[in-house]
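Visitor: Count the sequence shown with this note's numbering and you get residues 670 to 1291, in order.
Cβ coordinates follow ideal geometry from the N, Cα and C atoms, glycine included.
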Amino acid sequence: MSDASEGESESTWARLTRRKVAQWGIVYVAGAWGFLQGLEYLSGTYDWPRQIQQLVTLALLIGLPIVLVLAWYHGERGQQRITTPEFAILTLLLLLGGGAFWSYQHASVGDNDAAPTTANTTESPPSAGVSDARPSVAVLPFADLSQAHDQEYLGDGLAEEILNQLAQVPALRLVGRTSSFSFKGKNEDLRTIGGKLGVAHLLEGSVRKDGDQLRVTAQLVRADDGSHLWSKTYARELRDVFKVQDDIARDVAQALSVKLDAVTLNRAQGGTTNIDAYDRYLRWRQLYLADKWDEEHERQRVQLAREAVAFDPRFVLAWDALAVSLSGLADGVDGAQAERLRAEVEQIRAHIAQLAPDHWSVKRERAYSLWGEGKRAEAIAVAREIMETGPLTYEHAVPYANLIFAAGHLDETVAVDEKFRAIEPLAMFHSRSLQYDYIAARRFDEAEAEYRRSLALEGSHLGPAWVAFGRMLAHKDADLKALRDLHRQLLQDVEAPDSPFFRDLGAVLHDRDAMLAILHRAAADSTYRGNHGFVSLADALGEADLAATAMREAMESRKGFKEGHMDYGSYWDLWLAPYSGLRAHPEFKKLLIETGLAEYWRQTGKWGDGCKPVGADDFECQ
């Protein structure tokens, strides 16, 4: 038996050798490898879609067993006739290969049949209040895999610019930067991230920089099961970073079956094509979003912005960054230095207006300037144009929200901010702003819900707690323990109102008469004149006369009050004390007339919330 088997084995090996099956296999593998190398070079040079290379690789793999079968049956002279077993084997191989090919191609186009089901279950953002059937995606910060780990700013900037470009596509719903970047450095499961952000898809990636070489890997993932819809690696020179941004954005849009026009960081958007200028701007933005506002950090931001505009004098966004940083620095110094800085800011703003008169930052400054000149309807119209003509980002929406809040259109402000919350569900700064809006509009239940939600957000601090304290103080049946806890929290916060008046309140929170006595003593102290915190607490405790007097002192101390040309921020104080009868107080009515708001309402026919005309020449608020 062993001899027969050995003979059969030798006979089979001899047939393999005679028919040159191994040689044909080796030649085929070598040729396929060489072909793929050439294809990879051409793909990188001409930026062919990655799917081409992947499909060719799959086809070559399918071809290998076919070549081996053909060599077995036809490797000898005279063996050209196709036998029945050969036909059956080839048919089976072709069917299996075709099935694999079809399956891969079907998966690579984005699994369009499965996406709608996912969207129905995961695409509604937390507390958005509206359904949105558009494909949704969050762009996560790209990881820095460079050897020196010094390219974090580049990964953040690359992800942000890709987000900005995708935001130009109406058919996509994007989550904002602050919410997406809140998971940076955390080892969260992708399905958990998708659930918290309310999106069906996540774009993640990495950046590796080696000298002048840049390697960016990006992958689009389904949030519900973590499966990959698309991935690609971009190996380019650093100078091609702008094209990489465009390519990734376009590829993601294609994977989500959405048409994306070629949108680049170009002059029309106030951007740059200078890599050194772009590098400095990304570093500036990273430092700006770090939320550190001491003089040292302001000077660092000023230096980075100055370097950016030096590299590219036509870089509008960098000029705007410089003006913002110089304004922040001016707010922290006094005297001649502050005046010099503000004069430079004015020069920069004039330069930007000449450089790009239609840029949104120019329109923003124009809107604020018109408001300061008393042209409130025109100011609001310009701010609305900014919001409606570009993607709904914080930068584009906030001028309009600021001005309509100053005008007393409180419910409309809430509507704008709620729309923005769908984009930035995890942004603490926006949650805090929304709480103030709810309180001003006297929508206390919604303010309570938003405050509770904010406690779980990263960066939760003074703003929400201060709002909640005033709200709870206004209700005589407020939870005393919760009120005391909030008071202690405020005292421990670095931004807390450090005053004997506020500290003394903590001991008598259970006794409203004692709190009123402290309030009246403080009213006689010039330290508290014009203090917004005092106004809010007086209003919350039902002392409308004290609140009205303090508010007038606050208004009269503002620049431009006598001329009726205060900046928009000065008008906010009129609406941040809604707890009692302050808005019905005669003094409040006088302030509305003196500040020009009553005239604006009468001209436009759009009265502030809670206010209405009485006869032809009078009005009332409540």
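On the CB-based measure, 16 or more other CB atoms within 10 Å of its CB, does residue 943 come out buried or exposed?
Guide: Buried, by the Cβ-count rule.
Visitor: With respect to the alpha helix (DSSP H) encompassing residue 899, which residues constitute its N-terminal and C-terminal limits?
Guide: Counting along the chain, residue 899 falls outside any alpha helix (DSSP H), though it belongs to the beta strand (DSSP E) covering 897-906.
Visitor: If we count the other Cβ atoms within 10 Å of its Cβ and call it buried at 16 or more, is residue 1139 buried or exposed?
Guide: The residue is buried, with at least 16 neighbouring Cβ atoms inside 10 Å.
Visitor: Mapping the DSSP letters down to three states, classify residue 793 as helix, strand or coil.
Guide: In this predicted model, residue 793 has a pLDDT of only 36, less than 50, meaning its place in the structure is not dependable; the value taken from the coordinates is given anyway. Residue state, collapsed to three classes: coil.
Visitor: Going by alpha carbons, who is nearest to residue 961 out of 994, 986 and 873?
Guide: Ranking the options by Cα distance to residue 961, first place goes to 994.
Visitor: Assuming residue 914 contacts residue 1060 (C-beta within less than 8 Å), just tell me the rounded distance between them.
Guide: Wrong, their Cβ atoms sit about 15 Å apart, outside the cutoff.
Visitor: Give the single residue among 818, 1223, 821 and 1215 whose Cα lies nearest to the Cα of residue 1254.
Guide: Residue 1254 has its Cα closest to that of 1215, out of 818, 1223, 821 and 1215.
Visitor: DSSP on residue 1002, reduced to helix/strand/coil?
Guide: Of the three classes helix, strand and coil, the one that applies to residue 1002 here is coil, per DSSP.
Visitor: Which two residues bound the contiguous beta strand (DSSP E) that contains residue 870?
Guide: 870-879 is the span of the beta strand (DSSP E), which, as asked, contains residue 870.
Visitor: Which of the three DSSP states is assigned to residue 942 in this structure?
Guide: Reduced to three states, the DSSP call for residue 942 is coil.
Visitor: Output the distance between the C-alpha atoms of residue 789 and residue 1178, rounded to the nearest integer angstrom.
Guide: Model confidence at residue 789 stands at a pLDDT of 31, short of 50, so the residue's coordinates are unreliable; what they give is reported in the following sentence. One C-alpha to the other measures close to 48 Å.
Visitor: Which full runs of the alpha helix (DSSP H) of 4+ residues lie inside the stretch 1245-1278, going along the chain?
Guide: Counting whole runs of 4 or more residues, the stretch 1245-1278 contains the alpha helix (DSSP H) stretches 1255-1263 and 1266-1273.
Visitor: Can you tell me where the alpha helix (DSSP H) holding residue 865 begins and where it ends?
Guide: Element bounds for residue 865: 859-866.
Visitor: Should residue 835 and residue 918 be called a contact, given that it needs their Cβ atoms to be closer than 8 Å?
Guide: Going by C-beta atoms, residue 835 is nearer than 8 Å to residue 918.
Visitor: If you run the structure through DSSP and keep just helix, strand and coil, what is residue 815?
Guide: Three-state result, residue 815: coil.
Visitor: Below 8 Å, can you find three or more Cβ-Cβ pairs linking the stretch 1230-1246 to the stretch 1009-1025?
Guide: Output reads no: the stretch 1009-1025 does not touch the stretch 1230-1246.
Visitor: How about residue 875 and residue 828: are their beta carbons less than 8 Å apart?
Guide: No, the pair does not count as a contact, with Cβ atoms beyond the cut-off.
Visitor: With respect to the beta strand (DSSP E) encompassing residue 1287, which residues constitute its N-terminal and C-terminal limits?
Guide: 1287-1290 is the extent of the beta strand (DSSP E) around residue 1287.
Visitor: Bridge partners for residue 690 per DSSP, in chain order?
Guide: Residue 690 is not bridged to any residue.
Visitor: Closer than 7 Å by C-beta to residue 1119: which residues in its own chain qualify, once you throw out the five before and the five after it? Chain order, please.
Guide: Correct list, in chain order: 1100, 1103, 1104 and 1107.
Visitor: Just to confirm, are residue 826 and residue 951 a CB contact at a threshold of 8 Å?
Guide: Result yes, Cβ atoms of residue 826 and residue 951 sit closer than 8 Å.
Visitor: Could you tell me whether the Cβ atoms of residue 729 and residue 683 are closer together than 8 Å?
Guide: No, the Cβ-Cβ distance between residue 729 and residue 683 is not below 8 Å.
Visitor: What residues in its chain sit with their C-beta under 6 Å from that of residue 1276, if we drop five residues either side in the sequence?
Guide: Closer than 6 Å at the Cβ level, and outside the excluded window around residue 1276, lie 1270.
Visitor: Spatial neighbours of residue 705 within its chain, please: CB distance less than 8 Å, with the 5 preceding and 5 following residues excluded, ordered by chain position.
Guide: Only 722, 725, 726 and 729 meet the Cβ criterion.
Visitor: Quick check: the Cα distance between residue 1263 and residue 956, rounded to an integer number of angstroms?
Guide: Going by the C-alpha atoms only, they are around 41 Å apart.
Visitor: Is residue 1236 close to the ligand PLP? I mean its beta-carbon at under 7 Å from any heavy atom of the ligand.
Guide: Although the ligand PLP was asked about, the structure shown includes no ligands whatsoever.
Visitor: Kindly indicate which residue of 990, 983 and 981 has the alpha-carbon position closest to the one of residue 968.
Guide: Checked all of 990, 983 and 981; the closest Cα to residue 968 is 990.
Visitor: Is the stretch 1203-1220 in contact with the stretch 1180-1190, if contact means three or more CB pairs nearer than 8 Å?
Guide: Flag = yes, the stretch 1203-1220 and the stretch 1180-1190 touch.
Visitor: Spatial neighbours of residue 873 within its chain, please: CB distance less than 7 Å, with the 5 preceding and 5 following residues excluded, ordered by chain position.
Guide: Closer than 7 Å at Cβ, skipping near neighbours: 809, 888 and 890.
Visitor: Let's test the definition: count the other Cβ atoms within 10 Å of the Cβ of residue 896 and tell me whether it reaches 16, buried, or not, exposed.
Guide: Residue 896 comes out exposed.
Visitor: So what does DSSP say about residue 683, is it helix, strand or coil?
Guide: Looking at residue 683 - three-state DSSP - the assignment turns out to be helix.
Visitor: What is the DSSP secondary structure of residue 1054, counted as helix, strand or coil?
Guide: Looking at residue 1054 - three-state DSSP - the assignment turns out to be helix.
Visitor: What's the C-alpha gap between residue 671 and residue 692?
Guide: Any reading at residue 671 is ruled out, since the residue's pLDDT is 44, under 50, leaving its predicted position unreliable.
Visitor: Count the other CB atoms within 10 Å of the CB of residue 695; is the residue buried (16 or more) or exposed (fewer)?
Guide: Burial call: exposed.
Visitor: Please report the distance separating the alpha-carbon of residue 954 from that of residue 859.
Guide: Their backbone Cα atoms lie some 26 Å apart in a straight line.
Visitor: Quick check for students: name the residue ranges of the alpha helix (DSSP H) that lie wholly in the stretch 1198-1222, counting only runs of 4 or more.
Guide: With a minimum length of 4 residues, the continuous alpha helix (DSSP H) runs that stay inside the stretch 1198-1222 are 1201-1209.
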